[in-house]
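Protein chains: 4
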Amino acid sequence: MDFAPDETTREVTGRVRDFLADDVLPAEPVLAAQLAATPDDWSFRPVVRHLQATARERGLWNLFGGLTNLQYAPVAELTGYSPRLAPVAMNCAAPDTGNMELLAHFATPEQRERWLDPLLDGAQRSAFCMTEPGVASSDATNIATRIVREGDEYVITGRKWFATGAMNPDCGLLVVMGKTDPDAPRHRQQSMVLVPRDTPGVTVLRGLTVLGYDDRDHGGHAEIVFDDVRVPATALLGGEGDGFAMAQARLGPGRIHHCMRALGTAERALDLVRERAAERVAFGRPLADQGVVREWAATSRIEIESLRLLVLKTAWLMDTVGNKAAMTEIQAIKIAVPRAVGQILDRAVQVFGAAGVSGDHPLAELLAGVRTLRLADGPDEVHLASLGRAELRRRAPYLARPSATPSAPSTVEGDPT
Amino acid sequence: MDFAPDETTREVTGRVRDFLADDVLPAEPVLAAQLAATPDDWSFRPVVRHLQATARERGLWNLFGGLTNLQYAPVAELTGYSPRLAPVAMNCAAPDTGNMELLAHFATPEQRERWLDPLLDGAQRSAFCMTEPGVASSDATNIATRIVREGDEYVITGRKWFATGAMNPDCGLLVVMGKTDPDAPRHRQQSMVLVPRDTPGVTVLRGLTVLGYDDRDHGGHAEIVFDDVRVPATALLGGEGDGFAMAQARLGPGRIHHCMRALGTAERALDLVRERAAERVAFGRPLADQGVVREWAATSRIEIESLRLLVLKTAWLMDTVGNKAAMTEIQAIKIAVPRAVGQILDRAVQVFGAAGVSGDHPLAELLAGVRTLRLADGPDEVHLASLGRAELRRRAPYLARPSATPSAPSTVEGDPT
Amino acid sequence: MDFAPDETTREVTGRVRDFLADDVLPAEPVLAAQLAATPDDWSFRPVVRHLQATARERGLWNLFGGLTNLQYAPVAELTGYSPRLAPVAMNCAAPDTGNMELLAHFATPEQRERWLDPLLDGAQRSAFCMTEPGVASSDATNIATRIVREGDEYVITGRKWFATGAMNPDCGLLVVMGKTDPDAPRHRQQSMVLVPRDTPGVTVLRGLTVLGYDDRDHGGHAEIVFDDVRVPATALLGGEGDGFAMAQARLGPGRIHHCMRALGTAERALDLVRERAAERVAFGRPLADQGVVREWAATSRIEIESLRLLVLKTAWLMDTVGNKAAMTEIQAIKIAVPRAVGQILDRAVQVFGAAGVSGDHPLAELLAGVRTLRLADGPDEVHLASLGRAELRRRAPYLARPSATPSAPSTVEGDPT
Amino acid sequence: MDFAPDETTREVTGRVRDFLADDVLPAEPVLAAQLAATPDDWSFRPVVRHLQATARERGLWNLFGGLTNLQYAPVAELTGYSPRLAPVAMNCAAPDTGNMELLAHFATPEQRERWLDPLLDGAQRSAFCMTEPGVASSDATNIATRIVREGDEYVITGRKWFATGAMNPDCGLLVVMGKTDPDAPRHRQQSMVLVPRDTPGVTVLRGLTVLGYDDRDHGGHAEIVFDDVRVPATALLGGEGDGFAMAQARLGPGRIHHCMRALGTAERALDLVRERAAERVAFGRPLADQGVVREWAATSRIEIESLRLLVLKTAWLMDTVGNKAAMTEIQAIKIAVPRAVGQILDRAVQVFGAAGVSGDHPLAELLAGVRTLRLADGPDEVHLASLGRAELRRRAPYLARPSATPSAPSTVEGDPT
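Protein chains in written order, with this note's numbering: chain A, 527 to 943; chain B, 527 to 943; chain C, 527 to 943; chain D, 527 to 943.
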């Protein structure tokens with residue numbers, strides 16, 4: 527066991543750190559100004575384009591591809607320090623990374639050429655259409671969207687929402703999850719198709735708000751109606767009935783990324799708290815000398831350190847035994863990290879007082895983003911139930927488990943029955 | 527001891543309940559549509575004006591005035607069920623109620639005629655300018671705004687923010703807290719002046735967002751610069767040095783109102799959860815049959831019932847022994863209610879999944895509103911420290927305290943040193 | 527609504543307060559010395575007998591009988607300030623009070639004469655035999671003890687444990703819950719019989735420890751085997767099949783008493799903390815000046831005040847609409863009070879450091895006692911599930927509920943399915 | 527970074543695991559029987575002696591010595607699965623390990639020969655006399671025990687308590703912390719002396735209980751009076767004024783051991799819960815199918831996995847950069863692990879119902895043991911304050927910290943001012 531990062535990690539994170547300090551943080555107020563100047567626009571603002579060019583020059587483009595999960599994790603963490611700008615600047619933002627991984631693993635050469643290459647190049651964006659307004663989508667058997675084979679075509683009918691990024695005019699691809707066979711076994715009913723956003727029958731209705739934010743700087747969260755949408759049979763990703771398994775495969779690394787970014791966000795909050803607590807004085811003493819602020823800082827530090835290690839171990843398991851064998855750990859971090867970081871941000875807001883909830887400081891927006899993670903890919907509680915069921919059904923007691931193996935049995939995710 | 531509400535309370539709350547069911551709830555989507563149609567407007571929308579007229583007809587105007595605190599508390603709770611519409615419809619919304627009470631208690635006859643009457647009539651709105659961007663304002667000795675006597679005038683210089691309602695073009699009055707004598711004892715340095723919003727030197731800079739919301743339907747939250755603002759000496763409210771005491775007097779009932787409304791908001795969340803949990807099915811069972819949802823519902827119910835009683839007792843103490851003797855209880859509810867209701871709303875959001883954070887359901891906005899209460903009038907932690915200090919300095923042990931008296935000694939609020 | 531206690535309450539609690547200060551608290555070290563001197567004895571020590579005589583003289587004997595629940599509640603709270611001595615001194619200790627109430631409500635004149643009178647007189651003690659080692663007894667359908675009618679007799683076979691008080695040689699009566707008809711509807715299977723402790727076939731096996739304590743000063747917690755125990759048919763309490771309903775009726779007031787005593791215990795802890803925090807100095811300041819101790823004191827005070835009101839309201843509901851209609855509130859306090867008081871005691875232990883866990887201070891023993899309440903009469907979680915189910919099934923939304931009625935529908939307790 | 531244990535760890539933990547399964551667990555009921563048979567004895571029971579012989583044969587004696595901290599940590603965790611027997615069987619129990627490390631680092635050859643060798647051999651036990659009844663000992667400047675040089679002797683006067691193990695007749699050595707120079711800088715006032723337990727003037731007063739347990743199987747917790755106790759000057763450990771630094775050095779590894787053992791205890795609780803939840807049925811379903819039990823199991827698993835990694839990283843830091851540089855992490859685990867494991871045990875008790883608090887199952891005793899860890903070596907809150915202060919004073923913001931270095935600055939422990 528060795529907790530030192532390898533040379534590649536040290537080298538890459540060093541460069542990412544410099545990029546953040548030199549380019550990204552100074553760009554934050556620029557983005558705010560550009561957003562204020564163009565309120566009705568859902569596309570990337572010029573400052574994002576500029577940062578993307580800089581990231582390419584610095585060799586920080588598409589890093590999620592060439593590194594192991596364990597090496598990439600600290601990179602993702604760093605990007606969470608400035609989560610509106612750094613991930614997209616480095617072409618490492620959700621949902622594109624997940625979609626690119628899907629395509630890299632399951633797409634045909636023709637599909638890869640048409641969709642993956644422009645995504646890797648940043649020439650296009652994509653959205654993932656899974657959540658539906660009418661049902662509890664965390665249970666995949668509830669999905670109501672139908673994908674029906676008719677001759678050489680698939681016909682798609684349904685309504686999706688919270689399709690992140692789909693308001694962006696650059697978004698060309700919708701990856702759509704629906705049912706091809708409602709009578710198949712429950713995890714073989716679903717399939718995915720690749721739908722060009724401009725296909726007839728696709729209506730991007732509106733951008734939804736998330737806790738008051740429309741996230742228009744990175745394409746918002748769209749509600750989309752699919753009304754008799756026809757795509758050629760070659761638009762099927764993987765095979766019929768593979769949808770659930772591919773969604774699971776997609777979500778694993780996605781959760782690692784979300785969790786690592788959230789930890790970077792927590793570090794940002796702590797840096798902000800440290801500055802504020804040193805400079806603000808109340809009742810005769812700086813906030814930094816007051817018991818409750820100290821207790822918060824300590825608690826936050828402990829949570830970050832312990833959860834970072836759990837995320838890193840999860841990444842290591844994914845690299846060494848595979849995403850499926852790491853499913854328990856993936857669930858664990860999916861539950862634990864957003865909860866803890868939400869608390870860290872909440873406490874930071876209290877330190878900032880009214881400024882903390884205002885739009886003048888990043889905390890309010892960061893809080894909304896992390897709060898949403900407790901629902902993204904299914905509410906925590908679904909994962910807690912699934913993880914708990916697996917733990918309670920575990921066969922080997924503690925003394926029968928060798929130390930080297932993963933800590934808990936893998937589970938079929940999202941299915942706590 | 528008797529937990530049954532009196533006849534007046536039963537009668538008035540019955541009518542308020544009808545008003546909510548018949549008029550206010552149906553008006554919620556109307557407000558949403560009117561807001562969407564006029565995005566740049568900070569004034570009341572027509573639907574609010576219409577509801578105000580209905581409330582007058584129904585005899586539900588200015589109820590905070592004619593009832594005891596104990597009778598008014600359940601009314602305030604009911605208005606929290608639809609917090610954007612019901613309080614303002616009944617002319618019982620913050621900050622106007624607090625300002626009206628200030629004027630009723632401390633204003634000269636001339637001041638009352640000029641400012642109180644139009645407020646009671648709903649012809650005008652007002653704002654309370656206390657919080658400052660540059661200092662930790664929960665410590666009143668930090669206030670940097672100066673109010674300097676020069677001849678027959680007071681000259682005001684400073685910067686305030688989070689002046690709720692001040693973006694509303696109908697807002698005519700700014701109640702401004704500042705220091706008249708920085709060398710006086712710490713709670714005698716502050717005074718209040720009544721400043722017409724159109725006085726030269728007053729610049730209403732901008733409306734701030736609060737957790738992503740600008741609250742433009744009820745006048746937003748303004749940042750205001752006071753640059754050499756001159757008002758006649760008769761604009762002083764109360765005496766020089768009375769500012770801190772008047773602020774305390776104002777905040778007591780204000781907290782009761784905030785807390786009661788928050789409990790009504792919690793009941794709204796529970797009603798929403800009940801409907802959702804009955805109709806949504808996941809993993810083969812309605813959410814209502816799932817352990818964690820039951821546990822949440824039970825926990826929420828317990829919190830609401832116990833805290834409602836504490837708020838009611840606080841109201842009773844204010845009525846029977848006065849605001850000052852009830853200060854400990856006022857602090858207690860100020861701390862406990864927003865925390866609990868925030869948790870209740872947070873759990874409700876989890877039940878709703880993505881819909882819960884969207885703008886389509888009221889939960890996201892309610893959550894932001896209640897979250898802000900943990901900071902309004904000073905962060906919880908200041909009050910916890912103050913309450914704890916008082917508890918630890920209490921002289922009489924438990925056995926020496928007769929049951930009938932308030933539970934804890936009154937404290938000088940906001941001052942935990 | 528009126529939060530002032532009535533004249534009777536003020537008068538009685540005043541006398542109880544005096545009794546505690548004058549007689550009970552000084553007797554605590556005496557009890558400790560007498561216990562240390564007679565380690566193998568399970569009966570009342572002389573100091574208890576002496577206090578009982580004093581309580582009779584002071585007119586404080588059997589107070590639970592002549593007062594309303596609302597009047598008795600503050601008395602019970604006071605006795606919780608010294609929970610090993612005050613309740614038993616005033617003949618108001620569990621399980622005797624519950625058994626006496628059972629007998630008062632359901633016993634025949636002959637049963638009352640034989641069992642109730644000596645209990646009221648303090649000449650005898652009793653135990654309640656419900657919990658079984660072999661099954662989850664919170665589900666009454668699990669009860670394995672059989673009570674079989676044979677001619678003029680009932681034959682009892684089974685094993686019970688945690689029969690509090692049954693090790694006391696003065697304990698003459700065992701109230702035994704068992705099944706007379708396993709095929710009846712689930713809440714009609716159970717009956718109760720009154721079994722003299724010296725009946726052949728009754729074997730009091732041993733005294734159990736509870737979190738390390740054997741509670742030998744008040745008769746411990748016994749494991750008892752019933753092996754072909756025969757009692758005359760007249761020993762049946764109530765009718766066959768009434769056992770579940772009688773147990774529910776018994777538990778309602780019992781929970782009020784437990785909860786009120788627990789609040790008195792919390793006040794004791796706060797008094798202890800106050801003294802300690804004033805006198806101990808660490809890192810240059812008394813503990814009372816340290817942020818975390820203040821925060822704890824404040825939080826504890828808020829919890830005590832809000833939960834006390836909920837218990838009092840529950841008592842008032844029991845007096846005005848009956849135990850059954852108050853069942854929701856009874857469940858609520860059963861869940862909430864032991865949790866909160868456990869936390870209050872836990873924080874008090876931290877203030878005391880090592881002394882807090884030692885036998886030299888009362889905190890360790892108080893903590894164990896309150897911890898057990900989270901399991902007594904079924905674990906919290908059973909009640910949470912039941913309460914949550916009722917809340918989620920409630921028909922009327924908030925606006926359809928008049929303020930004067932109980933807050934939630936009554937539930938069939940202990941049955942969350 | 528590599529999360530796989532090395533070959534040595536795998537090999538050793540495999541053997542320890544076998545020892546636990548083959549020898550230690552079967553010995554648990556034997557110990558209980560032997561303790562019941564000899565209630566007044568404070569020495570090791572025969573079963574412990576027998577296990578010690580077995581451990582020697584299996585090469586599992588004094589493992590804490592020959593392994594790195596990182597290798598030893600999983601061994602300590604395993605011993606926590608049966609914490610009354612496994613550590614002492616392998617001569618790896620507190621306080622002896624800490625005392626042996628003290629002697630190994632700071633003793634003269636003569637001191638080592640006299641004291642260390644018999645401890646390593648298990649021929650003798652030792653106690654550490656630090657905590658005092660009269661002061662808040664977490665602040666070392668409060669220590670009242672005096673160690674005064676008079677000629678060739680040191681004269682010790684003071685009162686200590688919670689000297690774990692000192693009731694054991696085999697305990698020969700008392701390591702006593704006291705002040706040699708009250709006027710020195712605050713962390714140079716203290717020194718340690720090695721005092722034979724049979725020195726005239728040493729009075730071992732009594733064994734204290736800890737949450738109801740006297741822990742007589744491993745020597746209890748003694749209160750000891752030192753009244754004009756004279757030892758030769760050669761009994762000084764290290765130099766005068768080194769006491770505080772040596773105590774800190776001793777506590778670092780001690781905390782790792784405590785925390786790892788606590789995690790093994792948590793695994794024991796989870797194993798017990800798993801069995802119980804599978805076999806107990808309530809309301810028609812096994813406990814394992816009930817939502818709250820699943821949620822608990824999942825939460826417990828997440829806490830164990832994340833905190834285990836933090837403890838392991840701390841061990842790695844101690845091995846690679848030293849105890850002092852790892853002080854922040856040592857504080858972090860000292861705070862976090864006992865809290866989490868306490869919660870895990872508390873939830874396990876709820877699953878077990880009344881059995882969980884009884885002496886028939888190990889949970890009650892395990893709960894008491896872990897609860898005490900929140901006070902041992904100073905209450906959590908002292909460490910939280912110290913850790914928080916360090917975090918808030920940290921100079922480098924996140925982006926200036928290379929990934930490979932420890933996460934936080936080291937702090938002077940136990941001193942949050």
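Backbone N, C-alpha and C define an ideal beta-carbon position, used for all residues, glycine too.
{"Asked": "When you check each C-beta in the stretch 885-899 of chain C against every C-beta of chain D, which residues fall closer than 9 Å?", "Found": "Gly885, Asp886, Ala890, Glu891, Leu893, Ala894, Arg897 and Thr898"}
{"Asked": "Following the continuous alpha helix (DSSP H) through Ala612(A), name the residue where it begins and the one where it ends.", "Found": "Ala612 to Ala615"}
{"Asked": "Check whether the Cβ of Asp544(D) lies closer than 8 Å to any Cβ atom in chain C.", "Found": "no"}
{"Asked": "Can you tell me whether Glu805(B) is buried or exposed? The criterion is at least 16 other CB atoms within 10 Å of its CB, across all chains shown.", "Found": "exposed"}
{"Asked": "Are the CB atoms of Val736(D) and Asn625(D) within a distance shorter than 8 Å?", "Found": "no"}
{"Asked": "Quick one: give me the first and last residue of the beta strand (DSSP E) that Val949(D) is part of.", "Found": "The structure shown has nothing for residue 949(D), since chain D only spans 527 to 943."}
{"Asked": "Going by the CB atoms, is the gap between Leu557(D) and Val573(D) shorter than 8 Å?", "Found": "yes"}
{"Asked": "Could you name the residues of the stretch 810-824 of chain A whose beta carbon sits closer than 9 Å to any beta carbon of chain C, in the order they occur along the chain?", "Found": "Gln816, Gly817, Val818, Val819, Arg820 and Glu821"}
{"Asked": "Is it right to say Val863(D) is buried, meaning 16 or more other beta carbons lie within 10 angstroms of its own, or is it exposed?", "Found": "buried"}
{"Asked": "With a threshold of 8 Å between beta-carbons, can Phe752(B) be considered close to chain A, or not?", "Found": "no"}
{"Asked": "Measure the C-alpha to C-alpha separation of Ala814(C) and Leu836(C) and round it to an integer number of angstroms.", "Found": "29 Å"}
{"Asked": "Of all the options Val755(C), Gly691(C), Gly769(C) and Met844(C), which has the alpha carbon lying nearest to the alpha carbon of Gly684(C)?", "Found": "Val755(C)"}
{"Asked": "Any Cβ of chain A within less than 8 Å of the Cβ of Glu603(B)?", "Found": "no"}
{"Asked": "What's the C-alpha gap between Glu554(D) and Arg651(D)?", "Found": "22 Å"}
{"Asked": "Which residues, taken in chain order from the stretch 708-735 of chain B, show a beta carbon closer than 7 Å to some beta carbon of chain A?", "Found": "Leu734 and Thr735"}
{"Asked": "Leu777(A) and Asp696(A) - do their beta-carbons sit closer together than 8 Å?", "Found": "no"}
{"Asked": "Taking DSSP's pairing of strands, which residues face Glu676(B) in a bridge?", "Found": "Glu679(B)"}
{"Asked": "Are the Cβ atoms of Asp665(B) and Ala808(A) separated by less than 8 Å?", "Found": "yes"}
{"Asked": "If you count every other CB in all the chains shown that lies within 10 Å of the CB of Arg575(A), and 16 or more means buried, which is it?", "Found": "exposed"}
{"Asked": "Are the CB atoms of Ala803(B) and Val896(B) within a distance shorter than 8 Å?", "Found": "no"}
{"Asked": "Taking only beta-carbon positions, decide if Gly767(A) is within less than 8 Å of chain D.", "Found": "no"}
{"Asked": "Can you give me the Cβ contacts of Phe545(A) inside the same chain, cut-off strictly under 6 Å, excluding the 5 residues immediately before and after it?", "Found": "Arg584 and Leu586"}
{"Asked": "Report the start-end ranges of each alpha helix (DSSP H) in the stretch 742-813 of chain B that is 4 residues or longer and not cut off at the edges.", "Found": "769-805"}
{"Asked": "What does Pro795(A) touch in chain D if you count any residue whose Cβ is under 8 Å from its own?", "Found": "One point to set straight first is that residue 795(A) is Ala, not Pro, in the sequence displayed. Chain D residues near Ala795(A): none, gap ~10 Å exceeds 8 Å."}
{"Asked": "Decide if His909(A) is buried, meaning its Cβ has at least 16 other Cβ atoms within 10 Å, or exposed.", "Found": "buried"}
{"Asked": "Ala894(B) and Gly738(B) - do their beta-carbons sit closer together than 8 Å?", "Found": "yes"}
{"Asked": "Which one of Ala926(B), Arg714(B), Ser569(B) and Pro659(B) has the shortest CA to CA distance from Asp740(B)?", "Found": "Ser569(B)"}
{"Asked": "Please list the residues of the stretch 826-853 of chain C that have a C-beta atom closer than 7 Å to any C-beta atom in chain B, keeping them in chain order.", "Found": "Arg827, Ile828, Glu831, Ser832, Leu833, Leu835, Leu836, Leu838, Lys839 and Trp842"}
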